[in-house]
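Trainee: What follows is a structure written as structure tokens; I'll ask about it next.
Numbering (the UniProt record's numbering), first residue to last: 1 to 162.
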């Protein structure tokens with residue numbers, strides 16, 4: 001268990017940071033009023049009753065909780081099958097789990113997820129998201145990155161073996 005301690009701590013920090021910022025947003029940001037920070041970045045508090053980008057809204061709260069629990073279980077399974085030397089992948093899995101659990105807390109407590117970050121231009125806007133979503137996205141990108149690194153290492157070791 002000792003080798004998993006840093007990753008468990010990362011999950012707890014991700015959840016705590018996500019929930020803390022969401023509380024700040026809930027208490028200090030008007031609902032659905034855009035607050036421009038930069039020409040392309042704004043704060044915009046809204047509620048997401050689906051999963052990422054409002055998908056699967058028709059599943060209802062219980063269905064979405066089940067999906068989130070299954071995703072966390074699957075990522076935990078992958079993490080336990082990952083060798084200790086794959087630190088990037090283990091960090092990635094911790095971020096994904098922390099983000100998923102952060103959004104799961106929202107869904108369990110409020111019945112929706114609190115979103116508040118909006119990237120936009122004058123004619124286009126990206127979906128509104130939150131820190132938990134960012135953790136999940138960064139984690140997924142890191143998993144892909146770790147796989148590419150592993151693939152390159154494997155290719156080089158095979159070349160040296162020939």
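Glycine included, C-beta positions come from ideal geometry on N, C-alpha and C.
Nearest-angstrom Cα distance between residue 6 and residue 82?
Mentor: Each residue's Cα considered, the two are about 15 Å apart.
Trainee: What's the call for residue 16, buried or exposed, on a 16-neighbour Cβ count within 10 Å?
Mentor: exposed
Trainee: Judging by CA-CA distance, which residue of 113, 122, 43 and 93 is the nearest neighbour of residue 143?
Mentor: 93
Trainee: Residue 43 and residue 37: beta carbons closer than 8 Å?
Mentor: yes
Trainee: Would you decide whether residue 84 is buried or exposed? Buried here means 16 or more other CB atoms lie within 10 Å of its CB.
Mentor: Residue 84 is exposed by the Cβ-count criterion.
Trainee: Helix, strand or coil for residue 1, going by three-state DSSP, please let me know.
Mentor: Confidence is the limiting factor: at residue 1 the pLDDT is only 45, short of 50, which leaves the residue's position unreliable, though a coordinate-based value still follows. Coil, per DSSP.
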